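Have a look at the structure below before the remarks.
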Amino acid sequence: MAPKNMALRRAFNAAFTQVRQYSAPGDRSIPAAKQKYVPTSGAYPKGFLAGTAHAGVKASNTKYDDVTMVVSEQPCSAAAVFTRNVFKAAPVTVSRRTLKERANEGFRGVVVNSGCANAVTGKKGAEDAATMGRETDKCFGEVRTGLGELQDPPQTLVMSTGVIGQQLPIEKIAGAIPKAHQALGNSHEHWLKAAQAICTTDTFPKLISRTFTLPSHPETEYRIAGMTKGAGMIHPNMATLLGIICTDAKISPSAIDGMLRIATRGTFNCITIDGDTSTNDTVALFANGAAAPEGQPAIEHEGRSRRNQEPDTPSEDAQAFLAVLQDFMRGLAQLVVRDGEGATKFVTVRVQSDISYRTAKRAANSIATSSLVKTALYGKDANWGRILCAIGYAPGIIPSVETPLSTSTMDMEGSLYQVGPERTSVSFVPADGSPELKLLVRGEPEQVDEARAKEILEMEDLEILVRLDDGPLTKAQVRDMEKRASFAMSKGLSAEKLTQGGRKQFEAVVWTCDFSHEYVTINGDYRT
Numbered sequence: 001m002a003p004k005n006m007a008l009r010r011a012f013n014a015a016f017t018q019v020r021q022y023s024a025p026g027d028r029s030i031p032a033a034k035q036k037y038v039p040t041s042g043a044y045p046k047g048f049l050a051g052t053a054h055a056g057v058k059a060s061n062t063k064y065d066d067v068t069m070v071v072s073e074q075p076c077s078a079a080a081v082f083t084r085n086v087f088k089a090a091p092v093t094v095s096r097r098t099l100k101e102r103a104n105e106g107f108r109g110v111v112v113n114s115g116c117a118n119a120v121t122g123k124k125g126a127e128d129a130a131t132m133g134r135e136t137d138k139c140f141g142e143v144r145t146g147l148g149e150l151q152d153p154p155q156t157l158v159m160s161t162g163v164i165g166q167q168l169p170i171e172k173i174a175g176a177i178p179k180a181h182q183a184l185g186n187s188h189e190h191w192l193k194a195a196q197a198i199c200t201t202d203t204f205p206k207l208i209s210r211t212f213t214l215p216s217h218p219e220t221e222y223r224i225a226g227m228t229k230g231a232g233m234i235h236p237n238m239a240t241l242l243g244i245i246c247t248d249a250k251i252s253p254s255a256i257d258g259m260l261r262i263a264t265r266g267t268f269n270c271i272t273i274d275g276d277t278s279t280n281d282t283v284a285l286f287a288n289g290a291a292a293p294e295g296q297p298a299i300e301h302e303g304r305s306r307r308n309q310e311p312d313t314p315s316e317d318a319q320a321f322l323a324v325l326q327d328f329m330r331g332l333a334q335l336v337v338r339d340g341e342g343a344t345k346f347v348t349v350r351v352q353s354d355i356s357y358r359t360a361k362r363a364a365n366s367i368a369t370s371s372l373v374k375t376a377l378y379g380k381d382a383n384w385g386r387i388l389c390a391i392g393y394a395p396g397i398i399p400s401v402e403t404p405l406s407t408s409t410m411d412m413e414g415s416l417y418q419v420g421p422e423r424t425s426v427s428f429v430p431a432d433g434s435p436e437l438k439l440l441v442r443g444e445p446e447q448v449d450e451a452r453a454k455e456i457l458e459m460e461d462l463e464i465l466v467r468l469d470d471g472p473l474t475k476a477q478v479r480d481m482e483k484r485a486s487f488a489m490s491k492g493l494s495a496e497k498l499t500q501g502g503r504k505q506f507e508a509v510v511w512t513c514d515f516s517h518e519y520v521t522i523n524g525d526y527r528t
């Protein structure tokens, strides 16, 4: 009977469990559960246009647009953050060089292809990425002349997404770029189609737009719009995946890069789906000033003028725009997590520490990337021991043969006593505003109400709250903090000597999702 039962089980699995419940349907229809995240209208920045065309980058794609162009009607400021993966894709290296050559000014926009990442493709890949930029420039009459250094740098950034290690069908893409240019427009439909055309395993286009004002002239309405793509191979190490953000505010070329980097730290650098940092990650910001009143100066964001000096205070306009940008990018980044491959839950991991922000972030990242934590969440199992386990082995918190915590590492980056089990508490926080469910309090396990735990884990949104600062510092931690303060002062750095009565609190937040059977199904045959 056993062989027969096994055969029946295999047949059942083939017929039912392998059906893709959470991945993008073949006809690109948007699943009912995800339709609430797709806007039906928008407020798009003046002077920016979006267009798409079909190139057939993947042979299996016979009808869906896979080339996207987002451009400004006038040259604008631009900045981008890129992956730190050692194997950077060709469009990453080409776009980084272009930004440096143009010093963040004089850009027309970006061209994107989906279906092929153009990563690990050698010299041919770099040539193809440059060709994409040049062909887009031609659409605006920006034909580069001369040889070598006599050529003007391109005015178009380049992005690609898809399978790694395959060459671009550059002839198809070059032929589609003029068609995307002809299709340019500023309607909601144009922007939504552009967001859809950059998708790969995404189940819905990720698009947000907003209006805002600035303190110096509140009567002027500005707009910001952006799209992002990504559902797998998502882990922050600058930004993650692809993102395009446009605003009609006037931002100076000298300020736009720094503002984007600041905004990235608490947004795209705080999401993870599977712990894999892509070769192609790029998030770009464009600002053309089209809505600014005539004569309005560009927003500046002053930094440190000399080493060891405190940074200059940014203007009210700079602070206001940065706040808008951070909130906007947070919304975009969270959409990526909500569309995680096979994901059924949106999980906020919040960790509090009185040692350092770095300690809190290390713990939060370790929890958010733990396969055991994520599978337990999918199974609605309140297995909080996996959360503690992930904290305890977090890189930078645990010393190891591969990453020992030397005295210099301890003094400069952290503490040998970053986490005390007797000071650690863990809770589930429901999304409906009801009281948190305490799982562990100061190292002592609670009698968990399993029925209540399952109710919380049934919700689409939930929060894991970890307090690493719940209780007085241990003697070892006090000695360690005093040592770190003394070291900082010996180096001429400002350091506040913290005591048990007046501790600071640091908080790190990372957004992640669960792991389902579907994640394995999607990625088991992604290339083939």
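Count the sequence shown with UniProt numbering and you get residues 1 to 528, in order. No residue lacks a Cβ here, since even glycine has one placed at the ideal position from N, Cα and C. Remember, it's a predicted structure, so these values are computed and weren't measured experimentally.
* **For Ile-367, three-class secondary structure by DSSP** => helix
* In three-state terms, what does DSSP make of Leu-49? -> strand
* **Distance, Ser-486 Cα to Ala-495 Cα** => Low per-residue confidence applies at Ala-495: pLDDT is 46, beneath 50, and the placement is therefore not dependable, though the value from the model is reported in the following sentence. Roughly 8 Å separates the two Cα atoms.
* When burial is assigned at 16 or more other CB atoms within 10 Å of the CB, is Val-86 buried or exposed? -> exposed
* Asked: Are there 16 or more other CB atoms within 10 angstroms of the CB of Val-520, so buried, or fewer, so exposed?
  -> exposed
* To do: Could you pull out every residue in the same chain whose Cβ sits closer than 7 Å to the Cβ of Thr-213, ignoring the five residues on either side in sequence?
  => Thr-220, Glu-221 and Tyr-222
* **Phe-107 beta carbon less than 7 Å from that of Ala-129** => no
* **Buried or exposed by the 16-neighbour rule on C-beta atoms within 10 Å, applied to Lys-100** => exposed
* Can you tell me which of the three DSSP states Gly-133 falls into? => helix
* Start and end of the beta strand (DSSP E) containing Lys-206? -> 206-212
* Asked: Mind checking Gln-309: buried by the 16 CB within 10 Å criterion, or exposed?
  -> Per-residue confidence for Gln-309 stands at a pLDDT of 49, beneath the threshold of 50, marking its modelled position as unreliable; no derived number is given.
* Asked: Asp-470 to Gly-392, Cα distance in whole Å?
  -> 16 Å
* Asked: The alpha helix (DSSP H) spanning Ile-398 covers which residue range?
  -> Here Ile-398 belongs to no alpha helix (DSSP H), and DSSP marks it neither H nor E.
* Asked: Where do the N-terminal and C-terminal ends of the beta strand (DSSP E) with Glu-73 fall, by residue?
  -> 67-82
* Return the chain-ordered list of same chain residues with a C-beta closer than 8 Å to the C-beta of Ser-366, the five sequence neighbours on each side being excluded. => Ala-390, Ile-391, Tyr-393, Ala-394, Pro-395 and Ile-397
* Whose CA, out of Pro-236, Val-94, Ser-29 and Gly-115, lies closest to the CA of Thr-157? -> Looking at the sequence provided, one finds Leu at residue 157 rather than Thr. Among Pro-236, Val-94, Ser-29 and Gly-115, the Cα nearest to that of Leu-157 belongs to Val-94.
* To do: Run through the segment 247-277 for me and flag every whole alpha helix (DSSP H) of 4 or more residues, listed as ranges in chain order.
  => 253-265
* Cβ shell of Val-324 (< 6 Å), same chain only, five flanking positions each side left out -> Phe-212
* Start and end of the alpha helix (DSSP H) containing Lys-454? -> 450-457
* Determine the direct distance from the alpha carbon of Val-510 to that of Ser-371, and round the result to whole angstroms. => 15 Å
* To do: Taking only the alpha-carbon atoms, compute the straight-line gap between Ile-170 and Glu-294 and give it to the nearest angstrom.
  => 42 Å
* For the 8 Å Cβ check, are there 3 or more pairs between the segment 275-289 and the segment 221-236? -> yes
* From Asp-187 to Gln-166, what distance separates their C-alpha atoms? -> Residue 187 is actually Ser in this sequence, not Asp. So the alpha carbons of these two residues sit roughly 34 Å apart.
* Would you kindly check if the distance between the Cβ of Lys-345 and the Cβ of Asp-514 is under 7 Å? => yes
* Report yes if the CB atom of Ala-287 is closer than 7 Å to the CB atom of Ile-256, and no otherwise. => yes
* Asked: If you measure from the CB of Met-69, is any heavy atom of the ligand GDP nearer than 6 Å?
  -> With respect to the ligand GDP, the structure shown offers nothing to examine, as it has no ligands at all.
* To do: Using beta-carbon positions only, say whether Ala-453 and Asp-339 come within less than 7 Å of one another.
  => no
* Would you list the residues sitting across from Lys-229 in a DSSP beta bridge? => Leu-242
* Give me the Cα-Cα distance between Asp-411 and Glu-482, rounded to the nearest whole angstrom. => Note that Asp-411 scores 39 on pLDDT, short of 50, meaning its location in the model is unreliable and no value can be drawn from it.
* Have a look at Ala-176 and Ile-522 and give me their C-alpha separation to the nearest angstrom. => 29 Å
* To do: Would you mind reading off the limits of the alpha helix (DSSP H) that contains Asn-523?
  => 517-524
* Decide if Ser-434 is buried, meaning its Cβ has at least 16 other Cβ atoms within 10 Å, or exposed. => exposed
* Around the Cβ of Arg-306, are there at least 16 other Cβ atoms within 10 angstroms (buried) or fewer (exposed)? -> With a pLDDT of only 40 at Arg-306, under the threshold of 50, the placement of this residue in the model should not be trusted; the figure read from the coordinates follows. Per the 10 Å Cβ criterion, exposed.
* Asked: Any contact of the segment 113-124 with the segment 198-209, i.e. 3+ C-beta pairs under 8 Å?
  -> yes
* To do: For my contact list, Val-70 and Phe-48 are in at a C-beta cut-off of 8 Å; report their separation, rounded to the angstrom.
  => 7 Å
* Check whether Lys-250 and Ala-284 have beta carbons under 7 Å apart -> no
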